[in-house]
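Notes follow once the structure below has been shown.
Residue numbers (the numbering used here), protein chains in the order written: chain X, 1 to 431; chain R, 432 to 862.
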């Protein structure tokens, strides 16, 4: 189950949604059994694209930002899930050190840090925020626009442990996606729990690994439901050694884009969908909505202007792009006040704890909304589940579109769990 | 952590509350470690009495009713906690059979059944309601005033399993406190999970066992906080072979009441409390607020009228009273619209999932409120935790009186867990 939240799309539940709503107990049991075999990531956020005929998870973040966009009513759910996560991983924990991203002037991001600190304090831990930004040389308190306050303290690295002055944590919670590479200060901390593990950072992660795992998960889930996994899984290809700035390696890109557009056209024909196919080209190691472009025709690639090439060649923290994935684009049909919107689902441990909409007034239904100018609309709890419904089955509740988003979000989270198992450097091989 | 809920008592947080709020991380960690050693009851409700200078849990119910009084915003918390409970006990579960109390005409109670059914359906189980009431001979659907509907089906007992027609559950959830005795139909179901276990029913439970365990828990908790355990633990004594109807065994009662009133007077003097001490006499096996009377002076016992004697001599389901406990009375200082109120805390697995007030306009601050004429006021989420507070520590939130109620509720739940370990007929002895 996921929280009943008011979703923007108010039309009748379509066929795909019905096929996910009806077997709810079977789906929940399937997840229960999966989590017996696999460890959920500590916390996850997933962007959802809902084209009506097809759904997609754009790829989970394992050091999520934006949890300050969750409405206050959801705080108890997040805290309860955090308690469950701590109980499982480190019940004896007293002190938790939160390591945020290094951008210390972004008050939106710091509001997320303050909210995470609050959640873990309410779950019963002493929480302090340790910065690995070399510019933070002394305790720095930052007042935030919403009245919150974040105190960043410089971390102190001992031989085997990381801490702060007078603060020795048993658990280190990363809210830093490590896209600038793995900082040495975080390595070899074998005495402390590091969550999520270092290989969940973008110094190791690749989108292509994730979507390989997601394909496996969606095949298994499609089998459970008796549906074509394509309905929840965007197809993708990949290319190495692409240099957008120099215009090298674009041949591979061109042939992949062409092949993928053809495959999508075939699928659209099979399902009688009258939309124009498009693909999204993404840096394989990219985050933060950087290094992403929408391609509707292979000819578009010949006409890339200087600005787009520059945009595609460098991503967050100045990392160069060379490997790209080419992914089937999925429209988003959700709208709030005429602006295109995509739901973002938040999970803590195995539980969906809430969501919000990312809204972008200047972007189209086939574009990435994670871009400057986006705003956030919290999803409130839906109350209608508790009002009488004519012909309602005993104990049943009104269908809720958000349930489906929570299922897709959890599929992406499960795929991330598979992905982390595959890339775990300390994995023991039992073959 | 427990949900931040708006409580009726709005005065400043007093010394006792502050001593529970301040060490919150230490308290939560203490509970985490306790739950590593002990199994929480499946679900629990606890009545809280808050005298300001002293707090008490009136005794947990392990087959709680009234969960329909929880506000709808709390449903997601209850569902999430139910998922956690199921994952731990029976992750492979598909079908859950809910066994309610036999009073099939009480629509307030049946609304509780409908709400429980909804919670476990949303947690991902097929849930049907099986009645063990011999009057239910065929499927009976009852429409409830709030638009809900409950379908009661007669249970079918096989040699080793209990089920319904075309419904073979792997888990049986009792919402029946078994105060009429243990029905044979529930015995020897070794192939199915029965939750809570049969010895959590009032055919086995005794209040005196519970308060023995609660005393142990409050001593350990008092040591953690450095407080006198009396501040959270009502003193008590017990008498066997009391026959109110015939006026026999009242000598023991009189001497216990006298001794307890003297002990309370001494404690009140020690703490400078200017209240009149009182004790509560309760049937040791009583539930539903039956078999309870308040005694302010030992002389009151000589003047018991026929009505009170009759009231005390028989409890729910016609069970005769012979063992009684004599417990220190704790005032409740909470009021809603001038009516005396006591908070009721709801827990699912180890989590506090919400609460409401039991309000009784015709009862005094030293009387039992669980009586005809009581009404229920849901506790809403408190929002002020998210507004800026002058001088607020980074990440901290406004103090919340309900936190303390959640702590006391969980102490009572922990005591119930100790109690069930002691009374478990299948316990293995490792001495």
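Backbone N, C-alpha and C fix where the C-beta goes; we use that ideal spot for every residue, glycine too.
Terminal residues of the alpha helix (DSSP H) in which residue i lies
i, result
"residue 402/X", "401–423"
"residue 175/X", "Per DSSP, residue 175/X belongs to no alpha helix (DSSP H); it is in the beta strand (DSSP E), 171–175."
"residue 435/R", "Neither: residue 435/R is in no alpha helix (DSSP H) and is coded neither H nor E."
"residue 20/X", "15–21"
"residue 643/R", "638–656"
The beta strand (DSSP E) enclosing residue i, as first and last residue numbers
i, result
"residue 710/R", "710–714"
"residue 185/X", "Counting along the chain, residue 185/X falls outside any beta strand (DSSP E), and DSSP gives it neither H nor E."
"residue 592/R", "First-last for residue 592/R: undefined, no H or E at that position."
"residue 236/X", "236–239"
"residue 143/X", "140–143"
"residue 541/R", "Per DSSP, residue 541/R belongs to no beta strand (DSSP E); it is in the alpha helix (DSSP H), 538–553."
"residue 706/R", "Segment: none, residue 706/R is in no beta strand (DSSP E) and carries neither H nor E."
"residue 505/R", "Careful: residue 505/R lies outside any beta strand (DSSP E) and carries neither H nor E."
"residue 343/X", "339–348"
"residue 806/R", "806–809"
"residue 27/X", "Counting along the chain, residue 27/X falls outside any beta strand (DSSP E), though it belongs to the alpha helix (DSSP H) covering 24–37."
Beta carbon proximity, residue i to chain X, threshold 8 Å
i, result
"residue 623/R", "no"
"residue 708/R", "no"
"residue 434/R", "yes"
"residue 555/R", "yes"
"residue 463/R", "yes"
"residue 677/R", "no"
"residue 504/R", "yes"
"residue 759/R", "no"
Proximity test, Cβ basis, 8 Å: residue i and chain R
i, result
"residue 80/X", "yes"
"residue 76/X", "yes"
"residue 37/X", "no"
"residue 388/X", "Reliability fails at residue 388/X, whose pLDDT of 38 lies under 50, so the model's placement of it is uncertain and the value that follows must be treated cautiously. By this cut-off, residue 388/X is an interface position."
"residue 25/X", "yes"
"residue 419/X", "no"
"residue 17/X", "no"
"residue 461/X", "The first residue shown for chain X is 1 and the last is 431, placing residue 461/X beyond what the model contains."
"residue 410/X", "no"
"residue 251/X", "no"
"residue 397/X", "Only weak support is given to the placement of residue 397/X: the predicted model assigns it a pLDDT of 47, under 50, and the question is left unresolved by the model."
"residue 296/X", "no"
"residue 254/X", "no"
"residue 29/X", "yes"
Between the CA atoms of residue j and residue i - distance to the nearest angstrom
i, j, result
"residue 392/X", "residue 580/R", "Low per-residue confidence applies at residue 392/X: pLDDT is 42, beneath 50, and the placement is therefore not dependable, though the value from the model is reported in the following sentence. The straight-line gap from Cα to Cα measures roughly 9 Å."
"residue 438/R", "residue 459/R", "21 Å"
"residue 848/R", "residue 649/R", "14 Å"
"residue 734/R", "residue 680/R", "15 Å"
"residue 661/R", "residue 698/R", "9 Å"
"residue 165/X", "residue 126/X", "14 Å"
"residue 226/X", "residue 30/X", "14 Å"
"residue 222/X", "residue 350/X", "20 Å"
"residue 810/R", "residue 368/X", "41 Å"
"residue 777/R", "residue 495/R", "8 Å"
"residue 519/R", "residue 178/X", "34 Å"
"residue 827/R", "residue 201/X", "Confidence at residue 827/R is low in this model, with a pLDDT of 44, below 50, so the placement of that residue is unreliable and no value is reported for it."
"residue 794/R", "residue 842/R", "27 Å"
"residue 451/R", "residue 488/R", "15 Å"
Q. Of all the residues that make up the segment 83–115 of chain X, which are near chain R by a beta-carbon distance shorter than 8 Å?
A. 83, 84, 86, 87, 91, 92, 93, 94 and 114
Q: Inspect the CB distances between the segment 164–177 of chain X and the segment 196–206 of chain X and report whether three or more fall short of 8 Å.
A: yes
**Q.** Contacting positions in the segment 351–372 of chain X - beta carbon closer than 7 Å to chain R
**A.** The residues in question are 351.
Q) Does the segment 47–55 of chain X touch the segment 328–335 of chain X, meaning 3 or more C-beta pairs lie closer than 8 Å? A) yes
Q: Evaluate the contact criterion for the segment 56–72 of chain X versus the segment 107–116 of chain X: three or more CB pairs, one atom per stretch, below 8 Å.
A: A contact exists between the segment 56–72 of chain X and the segment 107–116 of chain X.
Q: Determine contact between the segment 782–791 of chain R and the segment 834–853 of chain R, defined as no fewer than three beta-carbon pairs at a distance below 8 Å.
A: At 8 Å Cβ cutoff, the stretches touch.
Q. The segment 568–591 of chain R: which residues have C-beta closer than 8 Å to a C-beta of chain X, in chain order?
A. So the list reads 572, 577, 578, 579, 580, 581 and 582, given in the order they occur along the chain.
(Q) Against chain R, which members of the segment 298–318 of chain X pass a CB distance test of less than 8 Å? (A) none
Q) Can we say the segment 639–646 of chain R touches the segment 557–576 of chain R, given the rule of at least three CB pairs closer than 8 Å? A) no
Q: Could you tell me whether the segment 661–670 of chain R touches the segment 752–760 of chain R, using the rule of 3 or more Cβ pairs below 8 Å?
A: yes
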